[in-house]
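Here's the structure we're looking at; comments come further down.
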Amino acid sequence: MPEPELDIHLDADEWAPQLRNDVLEGLTSSPKTLPPKWFYDDRGSDLFDQITRLPEYYPTEAERQILHARAGEIAALSAADTLIELGSGTSDKTRVLLDAFTATGQLVRFVPFDVSEQTLIDAAKVIGEDYPDLRIHGVVGDFERHLGTLPSGGRRVIVFLGGTIGNFAPAQRRDFLEQVVATLNPGDSFVLGTDLVKDSGRLVAAYDDSQGVTAEFNKNVLSVVNKHLDANFDPDTFEHVAVFDEENAWIEMRLRSLVDQTVHIADLDLDVSFAAGEEMRTEISAKFTRDRVADELADVGLDLLDWWTDTAGDYALSISTCR
Ligand SMILES: C[S@@+](CC[C@H](N)C(=O)[O-])C[C@H]1O[C@@H](n2cnc3c(N)ncnc32)[C@H](O)[C@@H]1O
Numbered sequence: 003m004p005e006p007e008l009d010i011h012l013d014a015d016e017w018a019p020q021l022r023n024d025v026l027e028g029l030t031s032s033p034k035t036l037p038p039k040w041f042y043d044d045r046g047s048d049l050f051d052q053i054t055r056l057p058e059y060y061p062t063e064a065e066r067q068i069l070h071a072r073a074g075e076i077a078a079l080s081a082a083d084t085l086i087e088l089g090s091g092t093s094d095k096t097r098v099l100l101d102a103f104t105a106t107g108q109l110v111r112f113v114p115f116d117v118s119e120q121t122l123i124d125a126a127k128v129i130g131e132d133y134p135d136l137r138i139h140g141v142v143g144d145f146e147r148h149l150g151t152l153p154s155g156g157r158r159v160i161v162f163l164g165g166t167i168g169n170f171a172p173a174q175r176r177d178f179l180e181q182v183v184a185t186l187n188p189g190d191s192f193v194l195g196t197d198l199v200k201d202s203g204r205l206v207a208a209y210d211d212s213q214g215v216t217a218e219f220n221k222n223v224l225s226v227v228n229k230h231l232d233a234n235f236d237p238d239t240f241e242h243v244a245v246f247d248e249e250n251a252w253i254e255m256r257l258r259s260l261v262d263q264t265v266h267i268a269d270l271d272l273d274v275s276f277a278a279g280e281e282m283r284t285e286i287s288a289k290f291t292r293d294r295v296a297d298e299l300a301d302v303g304l305d306l307l308d309w310w311t312d313t314a315g316d317y318a319l320s321i322s323t324c325r
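Taking my numbering, the leading residue of the sequence shown gets 3, the next gets one more, and so forth.
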């Protein structure tokens with residue numbers, strides 16, 4: 003079994019200035035924000051993995067159900083020999099696709115791509131052991147900046163699971179989709195997982211579970227800023243908030259300051275004041291309809307080939323191809 007190849011586009015030299023820029027921009031804007039990619043240090047990735055097993059968090063099982071039902075069709079429609087997974091995390095559900103693609107004998111290469119280096123290395127290693135005939139080529143990078151570095155060659159399918167596309171605001175989402183299209187060759191395909199608009203009570207419960215794991219995940223971003231920018235956030239003085247914004251059709255996760263306080267971020271030489279009750283946005287998670295997905299894909303030159311939901315109609319997977 004060959005050792006997994008690994009490209010690192012986001013090492014400490016790049017990571018730190020990006021975090022500094024994002025934190026400076028986010029904490030000096032009004033309302034304050036922090037981007038979700040900074041949740042995912044080793045602890046954040048582990049907490050996300052726990053979230054996927056919570057009873058309230060239906061998207062993971064819904065997506066797994068669709069993958070089990072449709073993986074063979076996805077392999078046939080894409081005819082790909084290279085499967086690239088963006089925001090791959092542990093690549094746990096992806097095994098359903100890998101099984102279907104390897105069963106046809108067509109797959110030669112798997113390219114997991116994630117911002118979280120250790121999670122990616124661990125996932126690449128176990129997948130390499132379990133699929134010894136596949137070439138594993140891991141990429142540590144930011145999918146908003148490094149898609150141009152994806153390994154080329156062969157017929158490729160890019161998969162983007164977990165509803166992660168919902169974490170982009172609409173303009174960012176369009177930029178991202180344009181970059182995906184720019185990396186695809188005619189005939190390559192794109193498989194996208196999207197959570198669907200539904201009853202707001204179930205949506206909020208999925209982002210505010212009874213065991214408090216999502217709250218820990220949300221507050222983890224404060225620990226990341228403390229650790230890497232020498233800040234003194236006290237996570238116990240913030241509470242987790244999840245609300246559904248009907249107008250924008252997205253969940254917002256926020257951190258609400260419980261007290262009047264000033265946080266010092268030594269590496270930025272910055273003091274940031276929070277009033278008691280002030281909320282800082284840490285993530286949005288947009289919810290979709292079929293028309294919206296098809297329109298947004300068409301806007302960037304991707305034609306929808308097929309669309310599948312789970313039996314409850316909670317979640318959808320689509321496959322599209324480059325014109
Ligand atoms: C919502 S989780 C989904 C994980 C997995 N695909 C799933 O379906 O369970 C988002 C994943 O995207 C990764 N991620 C977040 N922002 C990223 C970025 N800007 N570039 C690359 N990976 C990113 C995280 O580390 C995490 O593994």
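All C-beta atoms, glycine included, are put in the ideal place defined by N, C-alpha and C.
C-beta contact flag for residue i and residue j at 8 Å
{"i": "V246", "j": "L224", "result": "The question names Val, yet the displayed sequence has Phe at residue 246. Not closer than 8 Å, so no."}
{"i": "S93", "j": "I321", "result": "no"}
{"i": "D312", "j": "A64", "result": "yes"}
{"i": "L163", "j": "T291", "result": "no"}
{"i": "C324", "j": "P153", "result": "no"}
{"i": "D232", "j": "D269", "result": "yes"}
{"i": "L26", "j": "L272", "result": "yes"}
Cut-off 6 Å between Cβ atoms - residues of its own chain near residue i, not counting five sequence neighbours on either side
{"i": "V274", "result": "L29, V265"}
{"i": "E58", "result": "A207, A208, D211"}
{"i": "H11", "result": "G143, H148, T151"}
Contact test: residue i Cβ vs ligand 1 heavy atom, cutoff 7 Å
{"i": "L163", "result": "yes"}
{"i": "E285", "result": "no"}
{"i": "P57", "result": "no"}
{"i": "T50", "result": "Before going on, a small fix: residue 50 reads as Phe here, not Thr. F50 Cβ: within cutoff of ligand 1."}
{"i": "G89", "result": "yes"}
{"i": "P188", "result": "no"}
{"i": "Y42", "result": "yes"}
{"i": "D269", "result": "no"}
{"i": "E146", "result": "yes"}
{"i": "S118", "result": "yes"}
{"i": "K289", "result": "no"}
{"i": "P38", "result": "yes"}
{"i": "G143", "result": "yes"}
Range covered by the beta strand (DSSP E) that runs through residue i
{"i": "G195", "result": "191-197"}
{"i": "H242", "result": "240-247"}
Min CB distance residue i to chain D below 8 Å
{"i": "L231", "result": "In the structure shown, chain D does not exist; there is a single protein chain."}
Residue span of the alpha helix (DSSP H) that contains residue i, given as start and end
{"i": "A207", "result": "202-208"}
{"i": "V295", "result": "292-301"}
Same chain only: Cβ atoms within 7 Å of residue i, ignoring 5 sequence neighbours per side
{"i": "Q52", "result": "V215"}
- Query: What are the complete beta strand (DSSP E) segments, minimum 3 residues, inside the segment 30-117?
  - Reply: With a minimum length of 3 residues, the continuous beta strand (DSSP E) runs that stay inside the segment 30-117 are 84-88, 111-116.
- Query: Where in the segment 126-187 do unbroken runs of the alpha helix (DSSP H), each at least 4 residues long, occur, reported from the N-terminal end onward?
  - Reply: Here the runs fully enclosed are 172-185.
- Where are the beta strand (DSSP E) runs, 3 residues long or more, that stay fully inside the segment 210-292, in chain order? As far as the segment 210-292 is concerned, its whole beta strand (DSSP E) runs of at least 3 residues are 240-247, 252-259, 263-267, 272-276, 281-288.
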